[in-house]
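Undergrad:
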Ligand SMILES: [Fe+2]
Ligand SMILES: [Fe+2]
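As structure tokens, then:
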């Protein structure tokens, strides 16, 4: 993998992280019903993690000589708590998959530091996915 392609892929990841921040902020505002306080809290608690990921990626892209994107991936429209949780689960699973692949590509490129950091992010995103999956498991209706 050459540097230009790696920068391009990291920018796609950054786009996903910017989207995740917006997704969690918006879904927290939209949570309704008797579980609203916990659900809004759950969504908002993810924001600092995603912000940390975005910050890392933007810094790394600049370090590699690239220009970090400011354009988020579109946030899926989701109506209702269950649909929002399902959209979050899908995004977290995608992020887990993307960073697993990106860590391999970073290794191939020869940047062990980046690869280790991306593997840390796999741990974060798979943790988010598991927590969301457990909330959905017994979600009423
Ligand atoms: Fe993230
Ligand atoms: Fe996440």
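In my numbering, the protein residues as written are 1 to 141.
Each residue gets a CB set at the ideal place from its N, CA and C atoms; glycine is no exception.
Can you check whether the CB of residue 96 is closer than 8 Å to the CB of residue 126?
TA: Your numbering for residue 126 matches position 126 in the chain shown. Your numbering for residue 96 matches position 96 in the chain shown. Cβ atoms of residue 126 and residue 96: closer than 8 Å.
Undergrad: Using the C-alpha atoms, what's the distance from residue 68 back to residue 51?
TA: Position 51 of the chain shown holds residue 51. Position 68 of the chain shown holds residue 68. Distance between the alpha carbons of residue 51 and residue 68 is about 14 Å.
Undergrad: Quick one: residues in its chain with C-beta nearer than 8 Å to the C-beta of residue 89, no 5 flanking neighbours on either side, listed in chain order?
TA: If you number the chain shown from 1, residue 89 lands on position 89. Only 129, 132, 133, 136 meet the Cβ criterion.
Undergrad: Please work out which residues of its chain come closer than 8 Å, Cβ to Cβ, to residue 74, disregarding the five sequence neighbours upstream and downstream, and give them in chain order.
TA: One-based indexing of the chain shown puts residue 74 at position 74. Counting only Cβ-Cβ distances below 8 Å, and skipping sequence neighbours, we find 19.
Undergrad: Give the DSSP-derived three-state secondary structure of residue 116 in the structure shown.
TA: Position 116 of the chain shown holds residue 116. Helix, per DSSP.
Undergrad: Please return the same chain residues whose Cβ sits closer than 7 Å to the Cβ of residue 91, not counting the five positions on each side in sequence.
TA: As a working mapping, residue 91 is identified with position 91 in the chain shown. For residue 91, where only same-chain residues beyond five positions count, the Cβ hits under 7 Å are 20, 23.
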